[in-house]
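2 protein chains.
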Amino acid sequence: MSGFTTRRALFVLPDGITYLDGNSLGPLPRAAAERARATVADEWGPLLITGWNKAGWMDLPRKLGDRIGKLIGAPEGSTVVGDTLSIKVYQALASALELRPERRVVLSDSGNFPTDLYMAKGLLDSLGKGHELKVVDPEAVADAIDESVAAIMLTQVDYRTGRLHDMKALTEKAHAHGALAIWDLAHSAGALPVDLTGCDADFAVGCTYKYLNGGPGAPAFIFVRPDLVDQVRPALSGWLGHAAPFAFDLDYRPGDGISRMRVGTPPVIQMAVLDAALDAFEGVDMADLRARSIELSEQFIAEVEAACRDVTLASPRDPAHRGSQVSFRHPEGYAVMQALIARGIIGDFRAPDIIRFGFCPLYNTAEEVSRAAAAIGEIVATGEWDRPEFRTRKAVT
Amino acid sequence: MSGFTTRRALFVLPDGITYLDGNSLGPLPRAAAERARATVADEWGPLLITGWNKAGWMDLPRKLGDRIGKLIGAPEGSTVVGDTLSIKVYQALASALELRPERRVVLSDSGNFPTDLYMAKGLLDSLGKGHELKVVDPEAVADAIDESVAAIMLTQVDYRTGRLHDMKALTEKAHAHGALAIWDLAHSAGALPVDLTGCDADFAVGCTYKYLNGGPGAPAFIFVRPDLVDQVRPALSGWLGHAAPFAFDLDYRPGDGISRMRVGTPPVIQMAVLDAALDAFEGVDMADLRARSIELSEQFIAEVEAACRDVTLASPRDPAHRGSQVSFRHPEGYAVMQALIARGIIGDFRAPDIIRFGFCPLYNTAEEVSRAAAAIGEIVATGEWDRPEFRTRKAVT
Numbered sequence: 000m001s002g003f004t005t006r007r008a009l010f011v012l013p014d015g016i017t018y019l020d021g022n023s024l025g026p027l028p029r030a031a032a033e034r035a036r037a038t039v040a041d042e043w044g045p046l047l048i049t050g051w052n053k054a055g056w057m058d059l060p061r062k063l064g065d066r067i068g069k070l071i072g073a074p075e076g077s078t079v080v081g082d083t084l085s086i087k088v089y090q091a092l093a094s095a096l097e098l099r100p101e102r103r104v105v106l107s108d109s110g111n112f113p114t115d116l117y118m119a120k121g122l123l124d125s126l127g128k129g130h131e132l133k134v135v136d137p138e139a140v141a142d143a144i145d146e147s148v149a150a151i152m153l154t155q156v157d158y159r160t161g162r163l164h165d166m167k168a169l170t171e172k173a174h175a176h177g178a179l180a181i182w183d184l185a186h187s188a189g190a191l192p193v194d195l196t197g198c199d200a201d202f203a204v205g206c207t208y209k210y211l212n213g214g215p216g217a218p219a220f221i222f223v224r225p226d227l228v229d230q231v232r233p234a235l236s237g238w239l240g241h242a243a244p245f246a247f248d249l250d251y252r253p254g255d256g257i258s259r260m261r262v263g264t265p266p267v268i269q270m271a272v273l274d275a276a277l278d279a280f281e282g283v284d285m286a287d288l289r290a291r292s293i294e295l296s297e298q299f300i301a302e303v304e305a306a307c308r309d310v311t312l313a314s315p316r317d318p319a320h321r322g323s324q325v326s327f328r329h330p331e332g333y334a335v336m337q338a339l340i341a342r343g344i345i346g347d348f349r350a351p352d353i354i355r356f357g358f359c360p361l362y363n364t365a366e367e368v369s370r371a372a373a374a375i376g377e378i379v380a381t382g383e384w385d386r387p388e389f390r391t392r393k394a395v396t
Numbered sequence: 000m001s002g003f004t005t006r007r008a009l010f011v012l013p014d015g016i017t018y019l020d021g022n023s024l025g026p027l028p029r030a031a032a033e034r035a036r037a038t039v040a041d042e043w044g045p046l047l048i049t050g051w052n053k054a055g056w057m058d059l060p061r062k063l064g065d066r067i068g069k070l071i072g073a074p075e076g077s078t079v080v081g082d083t084l085s086i087k088v089y090q091a092l093a094s095a096l097e098l099r100p101e102r103r104v105v106l107s108d109s110g111n112f113p114t115d116l117y118m119a120k121g122l123l124d125s126l127g128k129g130h131e132l133k134v135v136d137p138e139a140v141a142d143a144i145d146e147s148v149a150a151i152m153l154t155q156v157d158y159r160t161g162r163l164h165d166m167k168a169l170t171e172k173a174h175a176h177g178a179l180a181i182w183d184l185a186h187s188a189g190a191l192p193v194d195l196t197g198c199d200a201d202f203a204v205g206c207t208y209k210y211l212n213g214g215p216g217a218p219a220f221i222f223v224r225p226d227l228v229d230q231v232r233p234a235l236s237g238w239l240g241h242a243a244p245f246a247f248d249l250d251y252r253p254g255d256g257i258s259r260m261r262v263g264t265p266p267v268i269q270m271a272v273l274d275a276a277l278d279a280f281e282g283v284d285m286a287d288l289r290a291r292s293i294e295l296s297e298q299f300i301a302e303v304e305a306a307c308r309d310v311t312l313a314s315p316r317d318p319a320h321r322g323s324q325v326s327f328r329h330p331e332g333y334a335v336m337q338a339l340i341a342r343g344i345i346g347d348f349r350a351p352d353i354i355r356f357g358f359c360p361l362y363n364t365a366e367e368v369s370r371a372a373a374a375i376g377e378i379v380a381t382g383e384w385d386r387p388e389f390r391t392r393k394a395v396t
């Protein structure tokens with residue numbers, strides 16, 4: 000486990016800040032700062048339009064897809080990077096529905112990140128074919144899978160509570176009923192071992208600005224099961240998913256395999272930054288990372304509960320059922336989080352009453368966990384949160 | 000006109016390079032290089048997740064939309080930045096079709112950039128409602144507008160020839176027949192004056208990596224006519240287009256006005272770079288820029304035709320019918336362009352036989368135009384293009 004302590008130096012972690020964001024935005028990898036500079040000043044500047052070839056910009060979506068693929072158990076050539084997670088959810092679901100044309104139910108749960116549900120609803124309304132977006136409680140998903148379901152569309156780790164779905168069991172059940180399985184790995188990729196091949200997942204999507212540390216607005220990724228991808232008709236049939244983008248044919252022909260899930264011109268600077276950020280995972284055994292993550296989260300729960308009775312654990316107590324985050328409920332969660340941030344301890348608030356903390360073994364330490372737990376105890380016990388400057392809501396937290 | 004010569008210093012233009020790319024990628028503005036560094040090192044690094052508020056990241060899509068709006072005759076609050084142009088085309092067309100539910104024809108032309116046609120086809124195939132994508136010759140568009148047309152979807156400036164559509168006349172004709180007008184401004188924004196309000200355009204989209212110099216993979220923009228936007232149901236209903244993104248409601252409610260055309264988390268680094276790039280347009284009168292652009296392109300045509308009989312003008316001879324680019328045809332256009340690039344003169348090749356040159360008064364000079372014209376004359380007259388290294392095709396040009 001001690002191997003992780005040396006990786007902390009790979010990141011810019013400001014003095015006085017304990018960063019337990021859970022995880023909305025990973026910290027800046029030092030290599031990413033240099034890569035951003037180099038991409039702009041050493042590539043765009045001197046190479047101009049020739050950078051698409053000479054600097055390998057055009058290949059970044061596939062290259063990055065393969066690098067992320069290694070962290071999520073996806074074989075080479077099955078994952079590609081681009082767009083935002085919302086767009087990738089849309090692509091996956093649109094594809095799944097066409098592969099199950101006779102079915103009319105998309106099954107999701109109330110723990111899914113809202114944008115997944117919004118994008119699904121938007122797609123179903125556009126289609127106007129009587130599809131239903133069925134949203135059940137997370138615990139009720141398995142029982143709701145039946146022959147009417149075209150696809151289950153779930154986020155593996157609940158963004159609020161950290162509750163972990165059993166991806167393998169739910170995918171198996173979906174397949175047993177002829178449904179496809181779409182997994183959102185937003186809070187999974189880089190946070191815990193994922194085995195898309197072992198789970199036989201059909202589609203997976205995720206973002207790269209959380210545990211992968213790709214920076215604000217870093218692009219998303221999409222995986223399609225290799226034996227399924229050539230049956231996929233891309234709904235978002237952009238030119239860079241074309242078999243021959245630079246032939247400028249008037250008719251669309253999908254590219255081979257996962258390339259067809261590319262859409263428009265990739266955001267090269269963000270992609271280069273992500274490429275550098277992924278270096279922090281080189282040589283990391285995700286099983287080791289998971290073990291260390293559990294150590295940190297178990298320590299956190301124990302110390303918070305010892306320091307403070309007025310918060311309630313919102314995450315599963317069994318670490319096997321949790322992602323790499325821990326959430327507590329407090330009726331004044333917003334103000335409690337603001338008070339923590341004022342002390343330099345950064346987590347997230349998620350409406351209505353959740354304070355959320357993420358644990359990233361690449362840079363978080365046991366000392367940080369203790370500091371955060373002690374601060375929560377003091378802030379709640381003394382009512383330190385009850386100040387106007389902490390209670391006034393800002394647009395984004 | 001001389002005012003433009005001082006702006007050249009705002010850009011990084013490598014020694015020995017004459018950059019007449021037409022225009023696939025604008026050059027690096029010096030301010031953009033510094034802004035990329037600052038966004039990463041001074042914002043993401045120290046501010047971490049709080050950057051969304053403290054550094055104004057969340058507001059960039061609207062702020063940049065308004066800055067671009069000023070260049071295209073769009074009122075404040077009617078334009079927003081995000082995603083890729085392909086995605087924005089899809090959004091605009093999906094919206095237009097729902098506003099004209101009884102109509103089944105999307106009218107475009109063979110001079111449209113292929114990805115617009117691909118995205119349209121992908122959307123129509125998803126809908127499965129018997130829509131037709133009717134692609135006519137550019138000259139035949141006006142006559143093809145009738146009561147069956149839900150929307151015309153056109154690129155104002157033909158990416159190959161530079162031929163300029165009459166946006167006002169075609170929009171008027173579309174409206175007279177009850178159709179909506181969607182304009183792609185990829186080769187217009189920052190290249191010539193555009194008056195979306197005066198043309199009464201319904202939707203407009205564009206990219207920012209061409210004449211706006213936003214960098215490789217810079218985000219796209221979308222404009223919706225202000226009196227239409229509140230009728231738009233976003234097909235790509237992502238969380239950042241929601242009326243209250245951070246309430247995390249399970250149900251989607253579109254945001255006010257143009258905000259509903261936002262989708263996912265914006266690419267902050269690319270957006271910050273674009274913001275800096277747009278500074279080069281501060282104080283520019285687009286009518287002056289257009290006049291200077293025409294001077295440069297008229298000079299280019301005259302000098303190329305004087306130097307060389309074996310190329311054919313592919314662009315309209317009347318500058319009033321041309322964008323800010325000039326194209327010539329040569330049967331070995333690919334090799335001719337490679338030979339030019341080997342001499343440090345950078346334009347684009349577009350299949351099957353077009354060599355394309357763009358003229359950007361912000362940095363291009365009359366001397367550069369003469370140098371390029373003379374080089375074309377020599378390369379074609381001496382057969383300098385006829386070498387294996389120039390004839391071998393690369394993936395991207």
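Chains Z and B supply the protein sequences, listed in that same order.
Per numbering that gives the first Met the number 0, residue 0 is the first one in the first sequence, and the count goes up by one each step.
Per numbering that gives the first Met the number 0, residue 0 is the first one in the second sequence, and the count goes up by one each step.
For every residue, glycine included, the Cβ atom is placed at its ideal position computed from N, Cα and C.
Keep in mind it's a predicted model, so treat the numbers as computed, not measured.
Contact list for residue i against chain B, beta-carbon separation under 7 angstroms
i                : result
ASP248 (chain Z) : PRO113
ALA40 (chain Z)  : ALA32
HIS241 (chain Z) : TYR117
PHE327 (chain Z) : Under the 7 angstroms cutoff, chain B gives no residues; its nearest Cβ is about 17 angstroms from PHE327 (chain Z).
8 angstroms Cβ cutoff, residue i in contact with chain Z
i                : result
MET118 (chain B) : yes
TYR210 (chain B) : no
SER23 (chain B)  : yes
VAL262 (chain B) : yes
SER258 (chain B) : no
PHE245 (chain B) : yes
Min CB distance residue i to chain B below 8 angstroms
i                : result
LEU84 (chain Z)  : yes
SER314 (chain Z) : no
ARG232 (chain Z) : yes
TRP56 (chain Z)  : yes
PHE222 (chain Z) : no
SER77 (chain Z)  : no
SER292 (chain Z) : no
MET0 (chain Z)   : Reliability of the predicted coordinates at MET0 (chain Z) is poor, the pLDDT of 46 falling under 50, and no value is obtained from them.
Listed by chain order, chain Z residues near residue i by CB distance under 9 angstroms
i                : result
PRO265 (chain B) : THR83, PRO215, GLY216
TYR333 (chain B) : Correct list: empty, because the minimum Cβ distance to chain Z is about 11 angstroms.
Within chain Z, partners of residue i - CB distance below 8 angstroms
i                : result
VAL272 (chain B) : VAL39, ILE268
ASP20 (chain B)  : LEU47, ILE48
Burial state of residue i (16 or more Cβ within 10 Å)
i                : result
ASP347 (chain Z) : buried
LYS209 (chain Z) : buried
LEU24 (chain B)  : buried
GLN230 (chain B) : exposed
ARG259 (chain B) : buried
ASP115 (chain B) : buried
Chain-ordered neighbours of residue i on chain B, where CB pairs are closer than 9 angstroms
i               : result
PRO45 (chain Z) : VAL11, PRO13, ILE16, LEU27
ARG36 (chain Z) : ALA32, ALA35, ARG36, VAL39, ALA40
Partners in chain B for residue i, counting only beta-carbon separations shorter than 8 angstroms
i                : result
LEU235 (chain Z) : SER85, ILE86, TYR89, MET118, GLY121
LEU126 (chain Z) : SER125, LEU126, GLY127
MET50 (chain Z)  : Just to set this straight, residue 50 (chain Z) is Gly in the shown sequence, not Met. Going along chain B in sequence order, the residues near GLY50 (chain Z) (Cβ under 8 angstroms) are LEU24, PRO215.
SER323 (chain Z) : Here the premise fails: no neighbours, minimum Cβ distance about 16 angstroms.
Partners in chain Z for residue i, counting only beta-carbon separations shorter than 7 angstroms
i               : result
ALA93 (chain B) : SER125
* **Residues in the region 3-17 of chain Z having any Cβ partner in chain B nearer than 8 angstroms** => Those would be VAL11, PRO13, ILE16, in chain order.
* Asked: Taking the runs of the beta strand (DSSP E) that are 3 residues or longer, which of them lie wholly in the region 76-119 of chain B?
  -> Counting whole runs of 3 or more residues, the region 76-119 of chain B contains the beta strand (DSSP E) stretches 78-81, 104-108.
* To do: With 8 angstroms as the limit, tell me which residues of the region 337-349 of chain Z have their beta carbon closer than that to any beta carbon of chain B; keep them in chain order.
  => ILE340, ILE345, ASP347, ARG349
* Asked: Looking at chain B, which residues of the region 166-186 of chain Z have a Cβ within less than 9 angstroms of any of its Cβ atoms?
  -> Answer in chain order: no residues at all.
* **Members of the region 357-376 of chain B near chain Z, C-beta cut-off 7 angstroms** => Those residues of the region 357-376 of chain B placed with their C-beta closer than 7 angstroms to a C-beta in chain Z do not exist.
* Along the region 130-153 of chain Z, what residues have a CB closer than 9 angstroms to any CB found in chain B? -> VAL134
* 4 or more residues per run - each alpha helix (DSSP H) lying fully within the region 0-58 of chain B -> 29-37, 50-53
* Entirely within the region 333-382 of chain B and at least 4 residues each: give me those alpha helix (DSSP H) ranges in chain order. => 365-381
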